[in-house]
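Let me begin by presenting the structure, written as structure tokens, before commenting on it.
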């Protein structure tokens, strides 16, 4: 059985999720508006850099990695490319994708929502693209932009596009909230989170083994974004 067949056989993803209820337009518009200021507002990403280093060093050079919610491409896509990996990034914000292509021209970026991610499937309005399967996935502070009921579906989708034994680097903010609006660089975005014990449970139930964990206190440079506790989980897909 090929790696792609193994991924397909394990696929559940969003198959029984009400996609018609999804509306990402507000989130995408907010990130388009603040894209040029994002990296200035969120400097000193030591926790994310350390998490990305684990992912980069745990896979052999030339591995195929997906950066989910790649944003500006910094630091993660840049970091993975510099480590010798083939990187594909996806994001729902055209403004962020433009910056990512400028910052990491060696990578490939697509305007794709995680709900449309498939192995050999169809991705967004652009038609069929063969994006997966992948040896590793970086998912730093992407799933927190989803409502809580959707997060397990998203994790199962990432599980499906990983090869068996593939690695997932996950970053979340520790908070017991669901689809909660917060001020964000003059805009508003809706975020969700878990306390760490519940996050571990959700990740394991999606088919991942947790290999390691770290946490960092983080204070953004922007005064309208509150300080946060960032959680990083180093995971491996169970077959």
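In full-length UniProt numbering, the protein residues as written are 1 to 239.
Cβ coordinates follow ideal geometry from the N, Cα and C atoms, glycine included.
- By the neighbour-count criterion, in which 16 or more other beta carbons inside 10 Å mark a residue as buried, residue 37 falls on the exposed side.
- At a Cβ-Cβ threshold of 8 Å, residue 77 and residue 100 count as neighbours.
- One thing to note: residue 148 has its Cβ within 8 Å of the Cβ of residue 179.
- Taking C-beta atoms under 8 Å as the contact rule, residue 173 and residue 144 qualify, at a distance of about 6 Å.
- Residue 90: member of the beta strand (DSSP E) spanning 86-91, first to last residue.
- With the rule of 3 Cβ pairs closer than 8 Å, the segment 16-32 counts as touching the segment 184-192.
- The beta-carbon distance between residue 199 and residue 136, rounded to whole angstroms, is 20 Å. This is too long to meet the 8 Å contact definition.
- A residue is called buried when at least 16 other Cβ atoms come within 10 angstroms of its Cβ; residue 23 does not meet this threshold and is exposed.
- Residues 219 of the same chain have their beta carbon placed closer than 6 Å to that of residue 227, with the five preceding and five following residues left out of the count.
- Going by DSSP, residue 179 is part of no alpha helix (DSSP H) but of the beta strand (DSSP E) stretching over 177-184.
- Between residue 80 and residue 69, the alpha-carbon positions lie close to 15 Å from each other.
- Beta-carbon to beta-carbon, residue 163 and residue 206 are separated by about 16 Å, too far to satisfy the 8 Å threshold.
- Its Cα nearest to that of residue 203, the residue 167 stands out among 167, 52, 83 and 47.
- Using a Cβ distance threshold of 8 Å, residue 56 and residue 83 count as a contacting pair.
- Bounds of any beta strand (DSSP E) do not take in residue 157; it lies within the alpha helix (DSSP H) bounded by 151-161.
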